[in-house]
Structure formats: C-alpha cells, structure tokens
Amino acid sequence: MYRLAFSIGLTGAFLLFWANGAVGIIGSENNPANLLFGAVFIVGFLGAVISRLRPKGMSYTLFIVALVQFAVPLFALFVWPAKASWGDAGVNGVLAINLIFVAIFLVSAWLFRRAIRQDSQ
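Numbered per the working numbering, the sequence shown finishes at 124, counting up by one with no gaps.
Next comes the structure, spelled out in structure tokens:
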C-alpha cells in the first residue's frame, strides 16, 4: 500500500511539474501566476523530509499538499485578477484541472493512511 501511495503522489507531482512547465496551468507557461505552484513542491518536499517518509507523516503531507494545490488558483484569482490570464480554459477550466491534481494528492494521502493500518496489523 505504501509503494502505491508513494507512486501516485510522485506521479501527481511529476504531472503537475510537466503540465505547468510545458503549457502552464494558469494561462500560458509564461504567466507568473504559475510560479505559485512551486509552493506545492516545497510543501511536499519539506513534509517528506520532516516525516522521514513515514506513512503517517506522508499522509498529513499529501493532505496539506492537496490544500495548497487547491489554494493556488484561488490565491491567483484574488491577488492578481488582471495578471492571471486564464487562457482558453477560463476560470472554471483552471479550477477543474486543479481539482484533478487535488484528487490525485488526496488519493495518495488516503493510501498512506491505509498503509498505517496495514503496518499495524
């Protein structure tokens, strides 16, 4: 269960990095609002280091990563409404894309939580 949780979380991070770098999630890849997604990676890295990759800590880390992922486009919308060109996807499209990543990170967090229970049996 632990390996599956780790794989899903890492795949989500890779896809986020790839999509954001290639075409950008908020508007184009040149939009400075896309730099806010760096917070997702920082939180994930720090959480992994602090938790020493243990399932309980990783569960909390991935849950917080999902919250940060959810907050990034909202922050961009309210702080930089003029600069956050939402491109062809529009606000709803950007929020939908982010919800996909939120779901990936939440599934990973849930699987880490299940790994805790599996280890205790």
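Yeah, the Cβ is synthetic: ideal placement off N, Cα and C, and Gly gets one too.
The structure presented is a predicted model; accordingly, all values stated were derived computationally and were not measured.
Check                                                                                                        : Outcome
Rounded distance between the beta-carbons of M61 and A69, thought under 8 Å                                  : Not confirmed; about 12 Å, so no contact.
Contact belief for E32 with A42 at Cβ below 8 Å, rounded distance in angstroms                               : Actually they do not touch by this definition, with Cβ atoms about 18 Å apart.
V75 to G93 span [Cα, whole Å]                                                                                : 15 Å
Simplified DSSP state of P84, which is helix, strand or coil                                                 : coil
Own chain partners of V71 with C-beta closer than 6 Å, once the 5 adjacent residues on each side are dropped : A42, V43 and V46
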